[in-house]
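K.L.:
Below you'll find the structure I mean.
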């Protein structure tokens, strides 16, 4: 039988609609939608000039490449889908363009009946699959479905709503099967046609209830559709993209950039397709790193309150995670983590109150490996605001005190962890270093702090400011514990591309090598005293004298010392600054790219987008990064690439020196721990720590391993009576020569007692 005529008396209980002179059904509603519909159609016709049926809510089914078939589709009308030649199967089906988001919601609520007609060409090429997908809310309003066939004397079949929940048998001469199934979060009706046939699908949607239908999606797809645009699917579904979005996006390339008006409709289609692909990806569940919570249960997670704090505000959260059955290299060791390292189930605060603490779902790789080595992780330690300060008063959760002198900086940004280690409250800490953030607080707190070779320790699951400079590494009171931890957390984890060149996890022997007989005998060990490092303009003369004196003690261990000049070292901080400001700005604004790693999507969703309120609450160091990065990208558009080239030049200069010398010696910081600053004017707030990283930051850019060990004491710069603070000496090695760095530090530590050098005793 033929399909029902619009406006004809209804024999199936479905009310009919009026029709236009050309036979297309109109909305059976008055004028409230008229202006909105008109505006919708005007925008639609700008995109798709072939849609020229005024007065209707129209949708465009993009089932075939546009140069193959012209497809017209209307709600309340008919859709003629032309035959397409060989149609490859697609992983994701193309979708339906609903020309105006809000208008479509209002319109579908007013429709009493909607008919979709699928008509094939005269040959017998089958349409292999056509589906109609409704959201659950829309499905619940569906009362009945009518299927009509155009061959023989088949009568229309009315399928009550309840029957839609089960497979329904239909005449095999026309349809192989009809089914309804749950496809979360949508419900779907689909049918397969194996012979030439016309199928009319009719349904009734009840008048809207008080609850608005804000998320209804009507989706028609042909799963054998041709991909378009060089294989990129043009997926358009409830798409909000307009020509203004096209213009705005082009204008972001550079002021005044635009395309010709004739080309705008095509670019609108392309942008709409991109939006739909982004929506598809955005709706997929994230791919998290699995965490074994049965083997490593989280116990007694507790956010440390101000009244419970130590060393000012050293802790973020305390808890206990361990597997007591493990007998490993870290068994019996207590470990704390800088509060940028993710621990499943433990809120992360990152030293800021700009956003609420977010709770990771998985453990960072270093957490898993430290636990597998037998360590007990006892908490996360307060870090500086967004990990962007070498002070220890920038955290929104409180100031971290130096364990050797209250009122003085513990350094940053691994401030809380270094203070806890320096005070002997934990055995080991794992921190992160992107400009000196392990070595600086280690030096100020009297700890051993190692920034490993770039990539030796995976950064997976650690909040990043700059992927190019990321380094995770250990802090402890002894070089041996540092080596034990490095063995536990080093190696390629199969996720972080920064560690692609690292040895397989579990194959390093840093600690075992330090136990070898004669390891502290440095005969045939050649050490370079880096001249430029001792001539930095911010270097305190007392610091220069103390570190040079400590370096001379290597001679008593059998080592040979020589002065070595690397002129480019003086440019190192400048090169790092340009690189770090730009890449950090891109990361903070959600524009970081070019890496293969585990994205912390929940953190990004929490942080972005930036608002004036968030920005106002930032510490001056973060505002400075944003200011510098935005300015540099606009004013010096190629300087980031040049800074990377110069970083390689600097790295090569160091590596040339390491062909002659086993390690280089430098001061870690330019001066001992300063007094805490105060948040006043931006410059006054930042000034106390300016110059602290003048000998550390460049090695984050070049990637060579660098370790600070405590070697002496100096009086506070403020000349406060009786206040003496630790001096850190930095030992730097060639790429992947972390073992040499550890050996030099271990030999010095075993040979000399730095604590005994403190005036008046320890």
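Numbering (the UniProt record's numbering), first residue to last: 1 to 762.
Ideal Cβ positions, reconstructed from N, Cα and C, are used throughout, including at glycine.
(1) Between the beta-carbon of residue 420 and the beta-carbon of residue 511, is there less than 8 Å?
(2) Hey, quick one: how far does the beta strand (DSSP E) through residue 729 stretch, first residue to last?
(3) Compute the beta-carbon to beta-carbon distance between residue 342 and residue 461, rounded to the nearest angstrom, for a pair I have assumed lies under 8 Å.
(4) What's the gap between the Cα of residue 356 and the Cα of residue 282?
(5) Return the chain-ordered list of same chain residues with a C-beta closer than 8 Å to the C-beta of residue 760, the five sequence neighbours on each side being excluded.
(6) Determine contact between the region 522-537 and the region 697-716, defined as no fewer than three beta-carbon pairs at a distance below 8 Å.
(7) DSSP puts residue 715 in a beta bridge; with which residues?
(8) Out of 441, 383, 557 and 253, point me to the one whose CA is closest to residue 726's CA.
(9) Less than 8 Å between the C-beta atoms of residue 268 and residue 253, yes or no?
(10) Between residue 731 and residue 653, is the Cβ-Cβ spacing less than 8 Å?
(11) Just verifying my parser: in three-state terms, what is the DSSP assignment at residue 515?
(12) Report the partner residues of residue 492 according to the DSSP bridge assignment.
(13) If residue 382 sits next to residue 316, beta carbons under 8 Å apart, how far is it from one beta carbon to the other, in whole angstroms?
(14) If we require 3 or more residues per run, which beta strand (DSSP E) segments fall completely within the region 319-345?
(15) Only counting the same chain, and skipping five residues up and downstream in sequence, which positions put a Cβ closer than 8 Å to that of residue 347?
(16) If contact is defined by three or more beta carbon pairs under 8 Å, each pair taking one atom from either stretch, is the region 584-593 in contact with the region 622-630?
(17) In the DSSP assignment, find the unbroken beta strand (DSSP E) run with residue 448 in it and report its ends.
(18) Do residue 485 and residue 499 have their C-beta atoms closer together than 8 Å?
(19) Pick out whichever of 728, 546, 621 and 651 has its Cα sitting closest to the Cα of residue 683.
(20) Residue range of the beta strand (DSSP E) that residue 299 falls in?
(21) Which one or two residues does DSSP pair with residue 610 in a beta bridge?
(22) Can you tell me whether residue 401 is helix, strand or coil according to DSSP?
(23) Please check the pair residue 536 and residue 695, which I expect to be a contact at CB under 8 Å, by giving their CB distance rounded to whole angstroms.
(24) Check residue 409 in the structure and name its three-state DSSP category.
(25) For the beta strand (DSSP E) that contains residue 462, what are its first and last residues?
(26) In the DSSP output, what is residue 358 paired with across the bridge?
(27) Pop quiz: residue 505 and residue 492 are said to be a contact at Cβ under 8 Å. What is the actual Cβ separation, rounded to whole angstroms?
(28) Residue 821 lies in the alpha helix (DSSP H); which residues open and close that run?
(29) Taking Cβ to Cβ, would you say residue 463 is nearer than 8 Å to residue 337?
(30) So, do the region 319-338 and the region 289-305 have three or more beta carbon pairs nearer to each other than 8 Å?
(31) Just how far apart, CA to CA, sit residue 615 and residue 691?
(32) On the DSSP bridge assignment, give the partners of residue 710 in chain order.
P.N.:
A quick look at the data gives this:
(1) no
(2) 724-733
(3) 4 Å
(4) 22 Å
(5) 722 and 724
(6) no
(7) 724
(8) 441
(9) no
(10) no
(11) coil
(12) 504
(13) 5 Å
(14) 334-338
(15) 303, 317, 357, 358 and 359
(16) yes
(17) 448-451
(18) no
(19) 621
(20) 299-303
(21) Bridge partners of residue 610: none, in fact.
(22) strand
(23) 6 Å
(24) strand
(25) Premise fails: residue 462 is in no beta strand (DSSP E) and is neither H nor E.
(26) 348
(27) 7 Å
(28) This structure cannot speak to residue 821, because the chain is shown only from 1 to 762.
(29) no
(30) yes
(31) 25 Å
(32) 728
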